[in-house]
Amino acid sequence: MDNKLFEILACPCCKGALKFERDSKELICRPCGLAYPIRDDIPVMLENEARTLSAEERVD
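When the letters of the sequence shown are read in order and numbered with this note's numbering, they come out as residues -7 to 52.
Take a look at the structure:
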């Protein structure tokens, strides 16, 4: 994923910072507890496409 794009992306729900998880190809918002998928190098920033983080993932 392009680093410049990552720098300007924010969580669509809370407008907070996102953490890029290279292994899972997701953008993580810990305050919202959501993981947004990246498909074909394109972040899917839709709440209904996001995965809910487990309790363990929220504290990492």
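Each residue gets a CB set at the ideal place from its N, CA and C atoms; glycine is no exception.
Residue closest to residue i, alpha-carbon to alpha-carbon, out of the options
i: Val51; options: Met37, Leu10, Pro23, Tyr28; result: Pro23
i: Gly8; options: Leu(-3), Leu38, Ile20; result: Ile20
Beta-carbon proximity of residue i to residue j, cut-off 8 Å
i: Ile30; j: Lys11; result: no
i: Gly25; j: Leu1; result: no
i: Cys5; j: Glu39; result: yes
Environment of residue i [buried if 16+ CB atoms lie within 10 Å]
i: Ala27; result: buried
i: Cys3; result: buried
i: Ala47; result: exposed
Worksheet item: Which runs of the beta strand (DSSP E) spanning at least 3 residues fall entirely within the region 17 to 51, listed in chain order?
Response: Along the region 17 to 51, the beta strand (DSSP E) occurs as fully enclosed runs of 3 or more residues at 18 to 21, 26 to 31, listed in sequence order.
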